[in-house]
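Enquirer: Mind looking over this structure? Questions follow.
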Amino acid sequence: MRNPPWHRDELILALDLYTQLEPGQIHARNAKVIALSDLLNKLPIHSGKESFKDFRNPNGVGLKLSNFLSIDDTYPGKGMQRGAKLDKEVFDEFFGKPDELRVLASRIKNLAENEEVASKMPEVEDEDFSAKEGKLLFKYHRYRERDSKLAKRKKDRVLNIKGKLECEVCEFDFASEYGDLGNGFIECHHRVPLSELDQERETRLDDLALVCANCHRMLHRNTALSIEELKSLIRDNKNEP
Ligand SMILES: [Zn+2]
Ligand SMILES: [Zn+2]
């Protein structure tokens, strides 16, 4: 059986390693290649990966790294000519930004190494969504913002102060629209950007924004958008003739 295709998160990790190696160091016996192979086997991304006996083994990781060689214009040799479209996309997006790449790679790595969190990740639905930062960091964001105790405290506080639960972006109020059915309903969004949300930082109530389901989906369609930016986007869009 063929191994499942590489996911964006895996490619981010591989490209990060690629930027640290000389072409001659790309082979299955290199300790860093072996370490990446171990890490990829820990990532809670591909369910059922245990059934592939050579899932992301050092050979496979070496091949993927050589594949970056073939995409890399700064390398005069040929590398492997077997490029997947996503390899090139990730390469083009991050190759010139090693710092950004390093931050994302280390966040993904930390998540994968936290067994408690990693074991819960597969339970978070991924809603047919892909973030620039990869699936794992996106899932982690969803996991953090759906902490039901915190969400409840946030809602209680806002209810106490304002007397209603309104979307912070568009002011939609479920209770006034749907009556009793909508009472107490609103979603929580974590304001801290995916690439900055680390495990040491505890969520404060001010990190959470209350948003309606539509605005929440729009925020997650473009992870670079903040609450304030989505607000002004709606305003600008309404003002257009
Ligand atoms: Zn809204
Ligand atoms: Zn969110």
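Under the numbering used here, the very last position in the sequence shown is 496; numbers go up by exactly one each time.
The C-beta atom is built at its ideal place from N, Cα and C for all residues, glycine as well.
Remember, it's a predicted structure, so these values are computed and weren't measured experimentally.
1) Helix, strand or coil: which one does DSSP assign to residue 386?
2) Between residue 314 and residue 257, what straight-line distance do the alpha-carbon atoms span, to the nearest angstrom?
3) Given 8 Å as the limit, is there contact between the stretch 416 to 429 and the stretch 366 to 383, that is, 3 or more CB pairs closer than that?
4) May I have the straight-line CA-CA distance separating residue 362 from residue 434, to the nearest angstrom?
5) Would you please verify whether the beta carbon of residue 342 is less than 7 Å from any beta carbon of chain D?
6) Rounded to a whole number of angstroms, what is the C-alpha to C-alpha distance between residue 437 and residue 372?
7) In chain order, what residues of the same chain have a beta carbon less than 7 Å from the beta carbon of residue 310, not counting five sequence neighbours either side?
8) Can you give, in chain order, each stretch of the beta strand (DSSP E) that sits fully within the stretch 265 to 294 and has at least 3 residues?
9) Put residue 380 into one of helix, strand or coil per three-state DSSP.
10) Pick from 467, 444 and 267: whose alpha carbon is nearest that of residue 342?
11) Keeping to the same chain, check which residues put their C-beta closer than 8 Å to that of residue 323; ignore five residues upstream and five downstream.
12) Below 8 Å on the Cβ atoms is my contact criterion, and I expect residue 262 with residue 390 to pass it. Report the Cβ-Cβ distance as a whole number of Å.
13) Taking 5 Å as the limit, tell me which residues put their C-beta closer than that to any heavy atom of ligand 1, in chain order.
14) Is residue 471 closer than 7 Å to residue 400 when the C-beta atoms are compared?
15) On the DSSP letters alone, give me the boundaries of the alpha helix (DSSP H) that residue 475 sits inside.
16) Does the distance between the C-beta of residue 388 and the nearest non-hydrogen atom of ligand 2 fall short of 6 Å?
17) Of the residues 367, 357, 476 and 413, which one's Cα is nearest the Cα of residue 300?
18) Taking the beta strand (DSSP E) that residue 484 falls in, what are its first and last residues?
19) Secondary structure at residue 309, three-state DSSP: helix, strand or coil?
20) Assess contact between the stretch 456 to 473 and the stretch 403 to 423, defined as three or more Cβ pairs (one per stretch) separated by less than 8 Å. Is contact present?
21) Whose C-beta lies closer than 6 Å to the C-beta of residue 421 among residues of the same chain, with five residues either side of it excluded?
Expert: According to the structure data:
1) Stepping through the sequence shown from its first residue, residue 386 is reached at position 131. It is coil, neither helix nor strand.
2) What you label residue 314 is simply residue 59 of the sequence shown in a count that begins at 1. What you label residue 257 is simply residue 2 of the sequence shown in a count that begins at 1. Each residue's Cα considered, the two are about 14 Å apart.
3) no
4) Indexing the sequence shown from 1 puts residue 362 at position 107. Indexing the sequence shown from 1 puts residue 434 at position 179. If I take the Cα positions, the gap works out to 42 Å.
5) The structure shown contains no chain D; it holds only a single protein chain.
6) In the sequence shown, counting from the first residue as 1, residue 437 sits at position 182. In the sequence shown, counting from the first residue as 1, residue 372 sits at position 117. Looking at the two C-alpha atoms, the distance is approximately 32 Å.
7) Locating residue 310 in the sequence shown gives position 55, counting from the first residue. Within the same chain, residue 310 has close Cβ partners 258, 296 and 304.
8) none
9) Here residue 380 is taken as the residue at index 125 of the sequence shown, counted from 1. Three-state DSSP puts residue 380 in coil, outside helix and strand.
10) Here residue 342 refers to the residue found at position 87 of the sequence shown. When only C-alpha atoms are compared, the closest one is 267.
11) Locating residue 323 in the sequence shown gives position 68, where the first residue counts as 1. Cβ neighbours of residue 323 beyond the five flanking positions: 269, 270, 273, 334, 342 and 346.
12) Numbered from 1 along the sequence shown, position 7 holds the residue referred to as residue 262. Numbered from 1 along the sequence shown, position 135 holds the residue referred to as residue 390. That pair is a contact at about 6 Å.
13) 422, 424, 425, 427, 467 and 470
14) By one-based count along the sequence shown, residue 400 stands at place 145. By one-based count along the sequence shown, residue 471 stands at place 216. Going by C-beta atoms, residue 400 is not nearer than 7 Å to residue 471.
15) On the sequence shown, position 220 is the one that residue 475 refers to. Unbroken alpha helix (DSSP H) run through residue 475: 468 to 476.
16) For the purposes of this step, residue 388 is taken as residue 133 along the sequence shown, with counting starting at 1. Not so, every heavy atom of ligand 2 lies at least 6 Å from the Cβ.
17) In the sequence shown, counting from the first residue as 1, residue 300 sits at position 45. Checked all of 367, 357, 476 and 413; the closest Cα to residue 300 is 367.
18) Walking along the sequence shown from the start, residue 484 turns up at place 229. Per DSSP, residue 484 belongs to no beta strand (DSSP E); it is in the alpha helix (DSSP H), 482 to 494.
19) For the purposes of this step, residue 309 is taken as the residue at position 54 of the sequence shown. DSSP places residue 309 in coil when its eight states are reduced to three.
20) yes
21) Within the sequence shown, numbered from 1, the residue matching residue 421 stands at position 166. These residues qualify, in order along the chain: 428.
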